[in-house]
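Protein chains: 2
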Amino acid sequence: MSTFNVELKRVVDDTYDISIGYELQSELIDDLGKGLVGKLKKFAVITDTNVRDLYAKPICEKLIKAGFSVDMFVIPAGEKSKTRETKAKVEDAMLEKGYRRDCCIIAVGGGVVTDLAGFIAGTYARGVPFINYATTLLAAADASVGGKTAVDTPLATNLIGLFNQPKKVYIDIAAWATLPKRQMASGMAETIKHACLASKDMFEFIEENLESILNFEKFACEYIAENNCRIKYEVVMKDERESGLREILNLGHTVGRAIETVSDYKLLHGEALGIGMAAEALLSARLGYMSEEQANRVIELYNRAGLPTQIPDYIDRETLVKKLYTDKKVRDGKLRFVLQKGIGDVVEFAPGVYAKPIEEELAREIIMEL
Amino acid sequence: MSTFNVELKRVVDDTYDISIGYELQSELIDDLGKGLVGKLKKFAVITDTNVRDLYAKPICEKLIKAGFSVDMFVIPAGEKSKTRETKAKVEDAMLEKGYRRDCCIIAVGGGVVTDLAGFIAGTYARGVPFINYATTLLAAADASVGGKTAVDTPLATNLIGLFNQPKKVYIDIAAWATLPKRQMASGMAETIKHACLASKDMFEFIEENLESILNFEKFACEYIAENNCRIKYEVVMKDERESGLREILNLGHTVGRAIETVSDYKLLHGEALGIGMAAEALLSARLGYMSEEQANRVIELYNRAGLPTQIPDYIDRETLVKKLYTDKKVRDGKLRFVLQKGIGDVVEFAPGVYAKPIEEELAREIIMEL
Numbered sequence: 105m106s107t108f109n110v111e112l113k114r115v116v117d118d119t120y121d122i123s124i125g126y127e128l129q130s131e132l133i134d135d136l137g138k139g140l141v142g143k144l145k146k147f148a149v150i151t152d153t154n155v156r157d158l159y160a161k162p163i164c165e166k167l168i169k170a171g172f173s174v175d176m177f178v179i180p181a182g183e184k185s186k187t188r189e190t191k192a193k194v195e196d197a198m199l200e201k202g203y204r205r206d207c208c209i210i211a212v213g214g215g216v217v218t219d220l221a222g223f224i225a226g227t228y229a230r231g232v233p234f235i236n237y238a239t240t241l242l243a244a245a246d247a248s249v250g251g252k253t254a255v256d257t258p259l260a261t262n263l264i265g266l267f268n269q270p271k272k273v274y275i276d277i278a279a280w281a282t283l284p285k286r287q288m289a290s291g292m293a294e295t296i297k298h299a300c301l302a303s304k305d306m307f308e309f310i311e312e313n314l315e316s317i318l319n320f321e322k323f324a325c326e327y328i329a330e331n332n333c334r335i336k337y338e339v340v341m342k343d344e345r346e347s348g349l350r351e352i353l354n355l356g357h358t359v360g361r362a363i364e365t366v367s368d369y370k371l372l373h374g375e376a377l378g379i380g381m382a383a384e385a386l387l388s389a390r391l392g393y394m395s396e397e398q399a400n401r402v403i404e405l406y407n408r409a410g411l412p413t414q415i416p417d418y419i420d421r422e423t424l425v426k427k428l429y430t431d432k433k434v435r436d437g438k439l440r441f442v443l444q445k446g447i448g449d450v451v452e453f454a455p456g457v458y459a460k461p462i463e464e465e466l467a468r469e470i471i472m473e474l
Numbered sequence: 105m106s107t108f109n110v111e112l113k114r115v116v117d118d119t120y121d122i123s124i125g126y127e128l129q130s131e132l133i134d135d136l137g138k139g140l141v142g143k144l145k146k147f148a149v150i151t152d153t154n155v156r157d158l159y160a161k162p163i164c165e166k167l168i169k170a171g172f173s174v175d176m177f178v179i180p181a182g183e184k185s186k187t188r189e190t191k192a193k194v195e196d197a198m199l200e201k202g203y204r205r206d207c208c209i210i211a212v213g214g215g216v217v218t219d220l221a222g223f224i225a226g227t228y229a230r231g232v233p234f235i236n237y238a239t240t241l242l243a244a245a246d247a248s249v250g251g252k253t254a255v256d257t258p259l260a261t262n263l264i265g266l267f268n269q270p271k272k273v274y275i276d277i278a279a280w281a282t283l284p285k286r287q288m289a290s291g292m293a294e295t296i297k298h299a300c301l302a303s304k305d306m307f308e309f310i311e312e313n314l315e316s317i318l319n320f321e322k323f324a325c326e327y328i329a330e331n332n333c334r335i336k337y338e339v340v341m342k343d344e345r346e347s348g349l350r351e352i353l354n355l356g357h358t359v360g361r362a363i364e365t366v367s368d369y370k371l372l373h374g375e376a377l378g379i380g381m382a383a384e385a386l387l388s389a390r391l392g393y394m395s396e397e398q399a400n401r402v403i404e405l406y407n408r409a410g411l412p413t414q415i416p417d418y419i420d421r422e423t424l425v426k427k428l429y430t431d432k433k434v435r436d437g438k439l440r441f442v443l444q445k446g447i448g449d450v451v452e453f454a455p456g457v458y459a460k461p462i463e464e465e466l467a468r469e470i471i472m473e474l
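So the protein sequences, as listed, match chains H and D. Taking the working numbering, I'd label the letters of the first sequence as residues 105 to 474. Taking the working numbering, I'd label the letters of the second sequence as residues 105 to 474.
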């Protein structure tokens with residue numbers, strides 16, 4: 105018998121830039137010309153039916169004009185496209201077109217497109233580079249920092265995927281004005297969540313300037329785009345593999361994710377999160393980590409942003425309670441919740457521990473109240 | 105407009121041990137008790153119908169006896185199980201059983217099982233640890249070092265997957281004796297390939313001791329297990345992301361992979377590789393990189409090991425030529441081959457360049473000769 109040691113210690117540098125601005129297509133093409141992804145000449149633009157004409161096509165045309173080889177792969181818009189089946193379809197279409205490892209993927213769209221395309225990039229020919237061109241506030245808030253990519257399965261959302269960092273992210277604020285109102289509101293859900301968990305200043309800025317944001321005023325949109333990145337970055341930097349601190353980004357998601365699934369995606373992610381944040385604010389207040397008045401301020405801000413904070417009647421509450429157990433934070437069969445400490449902070453239950461085991465009965469009580 | 109810099113430089117340590125020996129189940133259990141994968145208590149044993157009873161079941165029983173929680177997930181034996189669909193089925197079964205991120209996957213089987221299970225581990229809950237218990241010579245030769253995991257798709261083999269390093273690999277030589285003769289021969293294909301590309305000594309050892317290997321004599325089996333690991337490790341260490349040097353491990357695979365697919369997996373991987381190695385030896389001789397006599401020695405050794413070195417009649421040669429273009433080494437639409445320099449070395453065409461563009465006509469000629 106013998107032992108062979110495989111020594112595999114290395115420095116990985118996934119550093120990248122996020123560009124925040126208006127109409128960034130030309131900047132993207134310039135960056136590629138300057139070698140953002142080396143000498144690669146072959147690009148797969150993955151997009152959805154919502155933004156194909158407005159954003160993906162112009163980007164493709166500019167790429168072709170700049171001498172690159174490009175194909176566009178279009179998925180149906182909506183969370184229902186975030187599946188292994190859609191992933192396989194795009195892969196097969198790319199294989200059919202002769203894509204090998206010497207290519208780069210450009211995701212043009214919202215969180216569904218960037219999540220799916222980032223996952224495809226991570227496993228295509230064992231990994232090709234990818235770039236996110238984010239056209240929604242949700243993608244800007246949620247998908248720009250952290251490298252989380254995934255698909256949903258019938259039994260759980262976001263459980264199959266990987267950590268994969270883009271080469272660059274473009275947050276095109278101009279695109280937000282083209283979003284349906286419901287999508288923009290949905291994006292605000294993660295933005296308000298970031299404020300709740302990390303910045304009282306940001307929370308108060310949103311309270312004061314919500315109308316300016318929803319009217320796409322430049323100062324307000326840039327403020328939230330930058331602060332979303334900053335907050336998420338600060339959390340992710342300290343815990344890239346989501347072992348402890350990073351769980352705080354899951355604030356509101358224990359109930360939110362479950363509702364999203366039980367609603368069969370009739371609720372958008374941000375809408376489900378609005379309800380989830382209300383649940384966790386009530387729970388935090390119940391356990392004494394924030395005042396009733398603070399919990400109400402959170403709920404009120406979600407309402408003002410046009411988001412639901414109550415469970416729709418068509419959701420069976422007992423089914424919802426059962427669904428909570430598909431949450432990634434479940435450990436040893438116990439539900440675990442991230443809780444708010446006032447506004448702009450979360451509770452650290454022990455050093456590095458930010459999720460608290462909660463009895464099913466208490467979770468059920470809160471759900472029955474909503 | 106503003107730019108936000110996401111700084112993500114870090115040290116990754118994927119160092120692991122390969123244990124080479126006889127009947128290593130107890131060692132595996134001991135290692136887990138000693139914290140090989142930290143405090144994890146929940147294990148998913150992925151195996152196939154061939155080794156379920158002989159190896160996977162005893163391992164599961166020992167795990168349960170040691171106080172761990174275990175489920176066994178069995179896939180049909182054979183390359184046809186290495187698909188996205190089988191991956192999804194295992195994932196769904198694991199989700200159904202409540203597996204979340206706090207679990208570890210143990211692959212028990214040959215290369216198909218370790219490739220598939222390593223890929224599943226890489227994307228389950230965005231990555232859970234995995235361990236390989238390799239029961240075939242092929243898995244020992246091919247899948248123990250390098251971290252390559254993948255599935256096949258209708259359009260290409262091994263193109264969807266990722267680099268993922270196991271926590272430990274167990275090479276159980278005792279298991280080789282339970283292999284069908286055809287499987288053992290197939291494993292010899294990669295072993296001889298390693299000798300061809302890196303070690304004249306190893307090649308001569310196999311020439312002299314082939315019968316001892318095929319009779320599972322200890323000194324001979326340990327020699328090839330260790331040398332397979334060593335050679336692959338030396339190559340992989342110098343080029344973990346397969347940018348240049350690592351392509352030499354692809355010796356024989358340009359034609360081999362294509363034949364494997366065109367045969368619809370009637371040929372085992374190693375059988376297809378035998379033919380691919382013959383093709384590349386002939387090509388190397390034709391281009392003056394090795395003598396005819398050396399090429400014949402390579403072909404002869406494959407034959408003695410019980411492997412085909414001629415293309416079966418049922419393979420359409422023109423279909424095969426077309427299939428060559430699905431090879432991962434294809435660049436700018438040109439076929440590229442790794443070539444042998446005598447026995448025990450490969451040709452370096454330019455610094456760091458080990459694959460040479462070959463005209464389709466020349467590739468066709470060689471294929472017509474076989």
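Think of the CB as a built atom: it goes at the ideal place given N, C-alpha and C, for glycine as much as any other residue.
Contact between the segment 238 to 247 of chain D and the segment 408 to 420 of chain D (3+ Cβ pairs under 8 Å): Touching, no.
_Neighbour list for Asp121 of chain D in chain H, Cβ cutoff strictly below 8 Å_ = Correct list: Thr107, Phe108, Asn109, Val110.
Query raised in the report: Which chain D residues sit within Cβ distance under 8 Å of Leu266 of chain H?
Result: The answer, in chain order, is Gly226, Thr227, Arg230, Gly231, Leu266.
Exercise. Assign Ile275 of chain D to buried or exposed, taking buried as 16 or more other Cβ atoms, counted over all protein chains shown, within 10 Å of its Cβ.
Key: Of the other Cβ atoms in all chains shown, 16 or more fall within 10 Å of the Cβ of Ile275 of chain D; this residue is therefore buried.
Original post:
Can the beta-carbon of Ile150 of chain H be found less than 7 Å from the beta-carbon of Ile209 of chain H?
Top reply: Going by C-beta atoms, Ile150 of chain H is nearer than 7 Å to Ile209 of chain H.
Go to Lys184 of chain H, then tell me how far its alpha helix (DSSP H) extends in each direction, as first and last residue.
Here Lys184 of chain H belongs to no alpha helix (DSSP H), and DSSP marks it neither H nor E.
- Task: Evaluate the contact criterion for the segment 455 to 462 of chain H versus the segment 432 to 441 of chain H: three or more CB pairs, one atom per stretch, below 8 Å.
- Result: Touching, yes, given that three or more Cβ pairs across the two stretches are closer than 8 Å.
Inset, instruction - Identify, in the order they occur along the chain, each residue of the same chain with its Cβ nearer than 7 Å to the Cβ of Glu121 of chain H, setting aside the five sequence neighbours on each side. - result: Note that residue 121 of chain H is Asp in the sequence shown, not Glu. Hits under 7 Å: Lys272.
_Pairwise C-alpha distance: Ile328 of chain D and Lys342 of chain D_ = Cα to Cα, Lys342 of chain D sits roughly 21 Å from Ile328 of chain D.
Checklist entry - Which residue comes first and which comes last in the alpha helix (DSSP H) that contains Ile403 of chain D? => result Run containing Ile403 of chain D: 396 to 408, per the alpha helix (DSSP H) assignment.
Listing by chain order, which chain H residues have their CB less than 7 Å from the CB of Arg204 of chain D?
In chain order: Lys432, Val434.
Per DSSP, what kind of secondary structure is Val434 of chain D in: helix, strand or coil? If DSSP states are grouped into helix, strand and coil, Val434 of chain D belongs with coil.
- Message: Please classify Gly137 of chain H as buried or exposed, where buried requires at least 16 neighbouring CB atoms within 10 angstroms.
- Response: By the neighbour-count rule (16 or more Cβ atoms within 10 Å), Gly137 of chain H is not buried but exposed.
Original post:
Where are the alpha helix (DSSP H) runs, 4 residues long or more, that stay fully inside the segment 261 to 333 of chain D, in chain order?
Top reply: Here the runs fully enclosed are 285 to 302, 304 to 318.
### Query
DSSP three-state call for Lys146 of chain H: helix, strand or coil?
It is a strand residue.
Counting only the same chain and skipping the five closest in sequence on each side, list residues whose C-beta sits under 6 Å from that of Arg468 of chain D. Around Arg468 of chain D: Val425.
8 Å contact criterion, which Ser395 of chain D and Leu443 of chain D should meet: CB distance rounded: Rounded to whole angstroms, the Cβ separation of Ser395 of chain D and Leu443 of chain D is 13 Å, and the two are not in contact under 8 Å.
Chain-ordered chain D contacts of Gly215 of chain H [CB-CB under 7 Å]: Correct list: empty, because the minimum Cβ distance to chain D is about 16 Å.
Checklist entry - According to the neighbour-count rule (16 or more other Cβ atoms, all chains shown, within 10 Å of its Cβ), is Gly171 of chain D buried or exposed? => result Note on Gly171 of chain D: under 16 other CB atoms within 10 angstroms of its CB, so exposed under the neighbour-count rule.
| Expressed to the nearest angstrom, what Euclidean distance is found between the alpha-carbon atoms of Asn331 of chain D and Gly360 of chain H? | If you take the alpha carbons of Asn331 of chain D and Gly360 of chain H, they lie about 53 Å apart.
- request: Identify which residue in H:Tyr393, H:Asn319, H:Asn313, H:Asn268 has its Cα closest to the Cα of Leu301 of chain H.
  value: The shortest Cα separation from Leu301 of chain H among H:Tyr393, H:Asn319, H:Asn313, H:Asn268 belongs to H:Tyr393.
Note to self: Can you look up Val547 of chain D in the DSSP assignment and give me helix, strand or coil?
What the structure shows: Residue numbering for chain D in the displayed model covers 105 to 474; residue 547 of chain D lies beyond these limits and cannot be assessed.
_Partners in chain D for Ser124 of chain H, counting only beta-carbon separations shorter than 8 Å_ = One point to set straight first is that residue 124 of chain H is Ile, not Ser, in the sequence displayed. Residues of chain D passing the Cβ test: Met105, Ser106, Thr107, Phe108.
Can you tell me whether Gly125 of chain D is helix, strand or coil according to DSSP? Residue state, collapsed to three classes: strand.
Q.
When you compare the CB of Asp118 of chain H with every CB in chain D, is at least one pair closer than 7 Å?
A. Yes - at least one Cβ of chain D is within 7 Å of the one on Asp118 of chain H.
Using 7 Å as the limit for Cβ to Cβ distance, is Tyr369 of chain D near chain H? Closer than 7 Å: no.
What residue range is occupied by the uninterrupted beta strand (DSSP E) comprising Lys166 of chain D?
Judged by DSSP secondary structure, Lys166 of chain D falls outside any beta strand (DSSP E) and instead within the alpha helix (DSSP H) spanning 161 to 169.
message: Tell me the rounded alpha-carbon separation between Met306 of chain H and His298 of chain H.
response: Each residue's Cα considered, the two are about 8 Å apart.
Next on the checklist: Considering only their Cβ atoms, is the gap separating Gln129 of chain D from Pro162 of chain D smaller than 7 Å?
Outcome noted: Remark: C-beta atoms of Pro162 of chain D and Gln129 of chain D approach each other more closely than 7 Å.
Query - Span of the beta strand (DSSP E) around Thr253 of chain D - result: For Thr253 of chain D, the uninterrupted beta strand (DSSP E) run begins and ends at 252 to 257, by DSSP.
Exercise for the section: Report yes or no: is there a C-beta of chain D within less than 7 Å of the C-beta of Glu195 of chain H? Expected result: At a cut-off of 7 Å between beta carbons, Glu195 of chain H contacts chain D.
- [ ] Could you round the C-beta distance between Met105 of chain D and Ile124 of chain H to whole angstroms and report it? I think they count as a contact, below 8 Å.
- [x] Yes, they are in contact, since the Cβ atoms of Met105 of chain D and Ile124 of chain H sit about 7 Å apart, within 8 Å.
Quick one: measure Cβ to Cβ for Phe320 of chain D and Trp280 of chain D, integer angstroms, because I've assumed they're closer than 8 Å. Contact annotation, Phe320 of chain D with Trp280 of chain D: C-beta distance approximately 6 Å; criterion of less than 8 Å satisfied.
### Query
Going along the chain, which residues of the segment 260 to 288 of chain H sit with their C-beta nearer than 7 Å to a C-beta in chain D?
For the segment 260 to 288 of chain H, residues whose beta-carbon sits nearer than 7 Å to a beta-carbon of chain D comprise Ala260, Leu263, Ile264, Gly265, Leu266, Phe267, Gln269.
- Message: Here's a check: name, in chain order, each residue in its chain whose Cβ is nearer than 7 Å to the Cβ of Val340 of chain H, leaving out the five neighbours to either side.
- Response: For Val340 of chain H, the CB contacts under 7 Å within the same chain, skipping 5 residues up- and downstream, are Val249, Gly250, Arg350 in chain order.
Under a CB-based cut-off of 7 Å, is Leu199 of chain H close to chain D?
Yes, contact with chain D.
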